[in-house]
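Participant:
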Amino acid sequence: MRRLTLLAVFVSFSLVSLAQTPAPYGAVPSARQLAWHKLKYYAFVHFNMNTFTNEEWGHGTETPDQFNPTQLDCRQWAKVAKEAGMEGIVITAKHHDGFCLWPSKYAEHSVKNSKWRDGKGDVLKDLSEACKEYGLKFGVYLSPWDRNHPAYGTPEYNEVFKKTLQEVLTQYGDVFEVWFDGANGEGPNGKKQVYDWPGFIETVRKYQPNAVIFSDAGPDIRWVGNEDGYAGETNWSTLNRDKVYPAYPNYWELTLGHEDGTHWVPTEVNCSIRPGWYYHASEDNKVKSLEHLVDIYYSSIGRNGNWLLNLPVDRRGLVHENDVKQLMALKAYTDKATHNLAGGKKITSNSVFSKAPTFAASNVLDNSRDTYWAAAEGAKQATLDIDLGKPTTLNRLLIEEYIALGQRVKKFSVAAWQKDSYQTIASGTTIGNRRILRFPTVTTSKIRVTIDESKASPLIRHIEMYNAPELIVTPVISRNKEGMVTIACPKTTDPVITYTLDGSEPTAQSQRFTQAVALPQGGVVKARAFVDNMKKASSPVTTEFDISSAKWTVISTGDASPKKEAARLIDGNADTFWQQRKQPENPTSVVLDLGESLPLKGFTYMPRQDGKKTGIVYRYAVSVSEDGKTWTGPISQGAFNNINNNPVGQAIRFDKPQTARFLKFDALETTEASDATVSIAELGVLTR
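Now the structure itself:
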């Protein structure tokens, strides 16, 4: 009888305890997703056959011997990643061309048939061991699209791909992430594959059950919907997963997520430290500036995402020194920018769940991921007041929800105690796993965080405050149609800008920019901004120009476009663009009169830069002429691979130089077949 009484008391106590814990709200993360949420920042390494062919998407027609790094050192990659503050590396084990970085039994397009290390090399083995040595997580990208494998386009290929997955997932230790994209093009037989996504996912679950799987639809983590590095100001970790699939056309939905999504599928934010994903020597001076990287840091990690930053390992097999320099500059900045000013301070709230100390406001300022403050049951608004004890200067606030029980907050704000009252200094929408608000520097002794709107009782895990160093905006170098170069710093008050034209790095002693500089024949311009009596400097920026379009005219666009609109093609301003309706039978053509015969080594195409993708050219053909009547060509034809996701300027070099006065550009296909128009921001030529 006594045992029954004790059991009853225990059960009653347990029920009371359960009743005193906030219930989950909506979709919640799995154990593997929660482990992934503990990460912030890790490397994508695009290194494969494309590194050696200077492509972004290979064709599958390469020979294995073309893959031949001269100084491959995966330990250098891992050392750089570790010193940069990264937590792992995801490697392109197999890209669209089908070349495998390991000696696969199921593919001939592989390192096993290359002259690199006499066919006995294994990049995945080297990298996985280097990751273990430096305490980094190891992840893999495997493209289902294979432009080389003879079975691609048949049911047999799905089984081949599962076996290649099995090889990678069973030979190199723990894998924290498996990265799939939705690219699905033709194989060597001209056919496309119907992918067995359920089978691919099942294979990963079988051999690496703790790995998260990335694709547009997850199932564990999702694409952010762009390759710029920017998550949405509003970013829900939930998604209507059954509606979404790899290569989902409404990609913009992925940026925001679905507020009432059926599944927990949080955002991974991917971008490259350079314009392209693979190494191109022509981009050695186009590494993102510190200021740009910091902005991405706050717009990815600071907007409820994890940041996957691509490092295009070069042909030596090393992370390039220019990339390393910027990574270390970013690490130095973020170290200074994350000194917590709120630790150990006093905090109170106007609302606590069940008035229980278990959910007290003080939990927000500890360092445990397992404690949190909970507002009263049913509360949709609440405040947290933090007493800093003395006037404190700050400009950043980090706030995190306790996501194990779901994402709840829709709107919040931050106020500082100023002149005997709280004054709002910043506001945001969603929080999720992590949100960092930036605001003008303020000095205050008290901060109030207000949950203005929540879908259920808000649960806040952690808050920190920082005084991040202010950065000088980098100069913007531009050139107009007449070839006049201007350099300016938007949003910066009275900076001094210095520049060079000889390739040297600008210093405080370099030529000061005071008026437009004539550069009609092209050249390299480097610039830097200085403030505080030349004591503080921005990152240097570099822009390389070819011949200007001063003498050019658009003599034909294949339609009745007014001359003013057609002139946008060659006005030197990437923010303007020309567009016209597609013709039913013929490709859309643009003919340029260059005003004189020029030694042409290639051409450039800039897609529209307004954030929209309608009419972006995918497949093209280029012909040239001396008289505008008799044409040679096409002398160049192909595709701007990945331009829909990464709409940056394209520079295509001809196989052989051509002397011509006229250039014809044929837009054969846009990135979306359903587009009614073709759009072009700028067309140019390469003579250098």
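If you count by mature numbering (1 follows the signal peptide of the UniProt record, and there is no 0), then the sequence shown holds residues -19 to -1, 1 to 669, one letter each, in order.
Every residue, glycine too, gets a C-beta built ideally from N, C-alpha and C.
Helix, strand or coil for S(-3), going by three-state DSSP, please let me know.
Facilitator: Reading the sequence shown from its first residue, position 17 is the one you call residue -3. Bear in mind that the predicted position of S(-3) carries a pLDDT of just 44, short of 50, making it unreliable; the figure below should be weighed with that in mind. Here S(-3) sits in helix by DSSP.
Participant: Which residue from I528, D556, P565, L386 puts its Cα closest to that of A8?
Facilitator: Along the sequence shown, one-based indexing puts residue 8 at 27. Of the listed residues, the one whose Cα sits closest to A8 is L386.
Participant: Is the segment 87 to 94 touching the segment 43 to 63, taking contact as three or more C-beta pairs under 8 Å?
Facilitator: The segment 87 to 94, when compared against the segment 43 to 63, does touch it at the 8 Å Cβ threshold.
Participant: How would you label E158, buried or exposed, when you count the other beta carbons within 10 angstroms and need 16 or more for buried?
Facilitator: Position 177 of the sequence shown holds residue 158. With 16 or more Cβ atoms within 10 Å of its Cβ, E158 is classed as buried.
Participant: Excluding sequence positions up to five away, which residues of its chain have a Cβ less than 6 Å from the Cβ of residue 695?
Facilitator: Outside the displayed span of the chain (-19 to 669) sits residue 695, for which this structure offers no information.
Participant: Quickly, what does DSSP pair K75 with across the bridge? List them, please.
Facilitator: Position 94 of the sequence shown, counted from the start, is the residue given in the question as residue 75. Partner(s): C81, L123.
Participant: Just checking my contact of F393 with I406 at CB under 8 Å: how many whole Å lie between their CB atoms?
Facilitator: For the purposes of this step, residue 393 is taken as residue 412 along the sequence shown, with counting starting at 1. For the purposes of this step, residue 406 is taken as residue 425 along the sequence shown, with counting starting at 1. With a Cβ gap of about 12 Å, F393 and I406 do not count as contacting.
Participant: In chain order, what residues of the same chain have a beta carbon less than 7 Å from the beta carbon of V(-9), not counting five sequence neighbours either side?
Facilitator: The residue you call residue -9 lines up with position 11 of the sequence shown. The predicted model places V(-9) with a pLDDT of 42, which falls under 50 and marks its position as unreliable, so this point remains unresolved.
Participant: When DSSP builds the beta bridges, which residues end up paired with A356?
Facilitator: Translated into positions along the sequence shown, residue 356 becomes position 375. A356 pairs with nothing; no bridge assigned.
Participant: Determine the burial state of S349: buried for a count of at least 16 other Cβ atoms within 10 Å of its Cβ, exposed for fewer.
Facilitator: Mapped onto the sequence shown, residue 349 falls at position 368. Exposed, because fewer than 16 other Cβ atoms sit within 10 Å of the Cβ of S349.
Participant: Going by CA-CA distance only, name the one from N94, Y115, E114, V121 that's closest to L105.
Facilitator: If you number the sequence shown from 1, residue 105 lands on position 124. Of the listed residues, the one whose Cα sits closest to L105 is V121.
Participant: On a CA-only basis, which of A397, N165, V395 is nearest P227? Give me that one, please.
Facilitator: The count along the sequence shown starts at 1 and reaches residue 227 at position 246. When each option's Cα is compared against that of P227, the closest is N165.
Participant: When we look at the beta-carbon of E445 and count the other beta-carbons within 10 Å, is it buried (16 or more) or exposed?
Facilitator: For this step, residue 445 is matched to residue 464 along the sequence shown. Its Cβ being crowded by 16 or more others within 10 Å, E445 is buried.
Participant: Can you find the residues in the same chain that come closer than 6 Å, C-beta to C-beta, to V498, ignoring five residues on each side of it along the sequence?
Facilitator: Walking along the sequence shown from the start, residue 498 turns up at place 517. Hits under 6 Å: V466.
Participant: Please determine, among V571, A654, R255, M30, the residue with the shortest C-alpha to C-alpha distance to L664.
Facilitator: Here the question's residue 664 lines up with position 683 in the sequence shown. Selected option, being the one with the closest Cα: V571.
Participant: Taking the DSSP output, what are the residues bridged to M465?
Facilitator: By 1-based counting over the sequence shown, the position of residue 465 is 484. M465 is bridged to A499.
Participant: Please report the Cβ distance between K531 and S578, rounded to the nearest whole angstrom; I am assuming they are in contact, meaning their Cβ atoms lie under 8 Å.
Facilitator: Your numbering for residue 531 matches position 550 in the sequence shown. Your numbering for residue 578 matches position 597 in the sequence shown. One detail in the question is off: residue 531 reads as Ala in this sequence, not Lys. Their Cβ separation, rounded to whole angstroms, is 16 Å, which puts A531 and S578 out of contact at 8 Å.
Participant: Please name the residue in F646, F635, Q590, E607 whose C-alpha comes closest to that of N626.
Facilitator: Against the sequence shown, residue 626 aligns to sequence position 645. Considering only alpha carbons, the answer is Q590.
Participant: Would you call the segment 214 to 223 and the segment 236 to 244 in contact, with 3 or more CB pairs under 8 Å?
Facilitator: Judged by Cβ distances under 8 Å, the segment 214 to 223 makes contact with the segment 236 to 244, as three or more pairs qualify.
Participant: Counting only the same chain and skipping the five closest in sequence on each side, list residues whose C-beta sits under 7 Å from that of K462.
Facilitator: For the purposes of this step, residue 462 is identified with residue 481 of the sequence shown, where counting begins at 1. S529, S530, A531, I551, D552, G553, listed in sequence order.
Participant: Under the DSSP definition of a beta bridge, which residues are partnered with L55?
Facilitator: For the purposes of this step, residue 55 is identified with residue 74 of the sequence shown, where counting begins at 1. For the sequence presented, residue 55 should be read as Cys rather than Leu. Per DSSP, none; premise fails for C55.
Participant: Between A662 and N285, what straight-line distance do the alpha-carbon atoms span, to the nearest angstrom?
Facilitator: Walking along the sequence shown from the start, residue 662 turns up at place 681. Walking along the sequence shown from the start, residue 285 turns up at place 304. Rounded to whole angstroms, A662 to N285 spans 33 Å at the Cα level.
Participant: So the beta strand (DSSP E) residue 677 belongs to, where does it begin and stop?
Facilitator: Shown here, the chain extends from -19 to 669; a query on residue 677 therefore has no answer.
Participant: Thinking just about the alpha-carbon of each residue, which of G484, Q560, V300 is nearest to the one in K63?
Facilitator: Reading the sequence shown from its first residue, position 82 is the one you call residue 63. Looking at the Cα atoms, V300 is the closest of the given residues.
Participant: Could you give the first and the last residue of the continuous beta strand (DSSP E) run that contains P638?
Facilitator: Numbered from 1 along the sequence shown, position 657 holds the residue referred to as residue 638. Element bounds for P638: 631 to 651.
Participant: Jot down the residue ranges of each uninterrupted beta strand (DSSP E) in the segment 425 to 462, minimum 3 residues, whole runs only, in chain order.
Facilitator: Listed in chain order, they are 440 to 447, 457 to 460.
Participant: Closest to P372 by CA distance: which of F635, R389, W398, T658 is it?
Facilitator: Reading the sequence shown from its first residue, position 391 is the one you call residue 372. Nearest C-alpha to P372: W398.
Participant: According to the Cβ coordinates, are G576 and W533 closer than 8 Å?
Facilitator: As a first step, residue 576 must be located in the sequence shown, where it is residue number 595. As a first step, residue 533 must be located in the sequence shown, where it is residue number 552. Yes, the pair counts as a contact, with Cβ atoms nearer than the cut-off.
Participant: Rounded to whole angstroms, what is the Cα-Cα separation between K75 and V149?
Facilitator: In the sequence shown, counting from the first residue as 1, residue 75 sits at position 94. In the sequence shown, counting from the first residue as 1, residue 149 sits at position 168. Those two C-alpha atoms are separated by around 10 Å.
Participant: Determine the DSSP secondary structure at V104, reduced to helix, strand or coil.
Facilitator: In the sequence shown, residue 104 corresponds to position 123, counting from 1. If DSSP states are grouped into helix, strand and coil, V104 belongs with the helices.
Participant: Taking 8 Å as the threshold (C-beta atoms), are V193 and R13 in contact?
Facilitator: In the sequence shown, counting from the first residue as 1, residue 13 sits at position 32. In the sequence shown, counting from the first residue as 1, residue 193 sits at position 212. Yes.
Participant: Report the residue from D483, K516, E249 whose alpha carbon sits nearest the alpha carbon of P476.
Facilitator: Counting from 1 along the sequence shown, the entry for residue 476 is found at position 495. Out of D483, K516, E249, K516 has the C-alpha closest to the C-alpha of P476.
Participant: By Cβ distance below 7 Å, which residues in the same chain neighbour W97 in space, the five residues on each side in sequence not counted?
Facilitator: Counted from its first residue, the sequence shown places residue 97 at position 116. Same-chain partners within the cutoff: F48, N49, P50.
Participant: From the DSSP output, in three-state form, read off G665 for me.
Facilitator: The sequence position of residue 665 within the sequence shown is 684, counting from 1. DSSP places G665 in strand when its eight states are reduced to three.
Participant: Helix, strand or coil for D368 per DSSP?
Facilitator: Translated into positions along the sequence shown, residue 368 becomes position 387. If DSSP states are grouped into helix, strand and coil, D368 belongs with the strands.
Participant: For D127 and G39, what's the separation of their Cα atoms in angstroms?
Facilitator: The residue you call residue 127 lines up with position 146 of the sequence shown. The residue you call residue 39 lines up with position 58 of the sequence shown. Whole-angstrom Cα-Cα distance: 10 Å.
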